[in-house]
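In my numbering, each residue's number is its place in the sequence shown (first place is 1) plus 651. Before any comments, here is the structure.
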Amino acid sequence: MLKVVCFNKKNSGGMNNLNSIRDAIKDHALTNVKTYDRDSYLSSFKIKTNDVYVIWMVNHYSLALLIYLALVRLFTNIKIITVQHNKIFHPQTSSSLHNIVSTLMEQMGFFISNHVGFLSRIIYEESGRKNKILFSDVMPFDIHLDSSSKNDKKKYDLLYFGRNISYKGLDILHDSLIETKRSLRVVIAGLGVSSLNWDKLRDKHEIEIYDKYLSDEQLKILITSSEFSVYPYRSVSQCGPLVITLSYNGRAIVPNLEYFTPYSDLDNMVFFETGSVQSLTSKLNNLEELKTNCDLAHEDDKLHTFSWIHLVNKLLSI
């Protein structure tokens, strides 16, 4: 039995991943896969021979299960797979101490594992681990049934959601909005986003700020109500917010970083020069033209290559 365990909070990228895996299991009527979250993880301690455990996110909640599995593995044939989502010492928060402690816990989990899986070819190729497995080149996604339509009336021109951490480049968006020639309807959502001075932009733009975590339903409403989502990252090894945007068939503006390259075949992606305020400003000044030229994704073979079912089948083959 394949058992996928996720200890993330409900309103988190990890739980969004787990729910996507659950949808793939349901859509393809798989009976040999079980999933567990914080509310049900105690059931995952019931072990049978040949079980394969996938610990989706290694954190302090998962350590007890990992240590237990490692001990049981001494006497029973089971496998432990952990997932490395980011590069080592990736800044998960603005706290250096938190990032160091989180990294040490991750390394403990990876050391215990039979295999370490990757959802990014960039991180996979840079890793020196001998037990590494590439699950997918980039984070998978499937389009929800209640997704955005090209004919939907949009309340916003532009949406940014995510935490305000330096590498995510929110200041690049801020400075680009200063330089734009046209007025835009903008919504900025995520922890710490209000730390930038958005008030000085309100004479030119209509701006709404939500400095908090948003529920899945709130995110869906914002994405489907926006012409474009924008992710002006300086660097990236994974981008959960982009995957959520694509899963609701939203258009996205991203920098031309190597990680985003596999998405370039999709019709709803727009690229600008990484780190360039001038380049992003140029895109924002031409949103009307971009809307005309930037189509929404369609259900075809090209889109299907990103589906979560491929990842589930990969796990089942291990």
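In this text, a Cβ means the ideal position worked out from N, Cα and C, and glycines have one as well.
- If you draw a straight line from the Cα of Ile895 to the Cα of Leu725, it is about 39 Å long.
- Distances from the CA of Tyr704 to each of Arg689, Pro892, Asp854, Leu720 were compared; the closest alpha carbon is that of Leu720.
- Around the beta-carbon of Lys934, 16 or more other beta-carbon atoms lie within 10 Å, marking it buried.
- Its chain contains Phe812, Ile895 as the residues whose beta carbon lies nearer than 7 Å to that of Leu870, once the 5 sequence neighbours on both sides are disregarded; these appear in chain order.
- Residue environment: Asp854 is assigned as exposed (fewer than 16 neighbouring CB atoms within 10 Å of its CB, all protein chains considered).
- For Ile698, the three-state secondary structure derived from DSSP is coil.
- Annotation for Thr733: the continuous beta strand (DSSP E) segment containing it runs 730–735.
- Remark: C-beta atoms of Gly820 and Arg902 do not approach each other more closely than 8 Å.
- Here DSSP, grouped into helix, strand and coil, assigns Lys783 to strand.
- A contact between stretches requires three or more CB pairs, one per stretch, nearer than 8 Å, and the stretch 916–932 fails this requirement with the stretch 840–850.
- Secondary structure remark: continuous beta strand (DSSP E) runs of at least 3 residues inside the stretch 669–724, in chain order: 684–687, 703–706.
- The DSSP assignment places complete beta strand (DSSP E) segments of no fewer than 3 residues inside the stretch 824–900 at 836–840, 857–861, 877–881, in order along the chain.
- Contact annotation: Val789 and Met756 have beta-carbon atoms that are not nearer than 8 Å.
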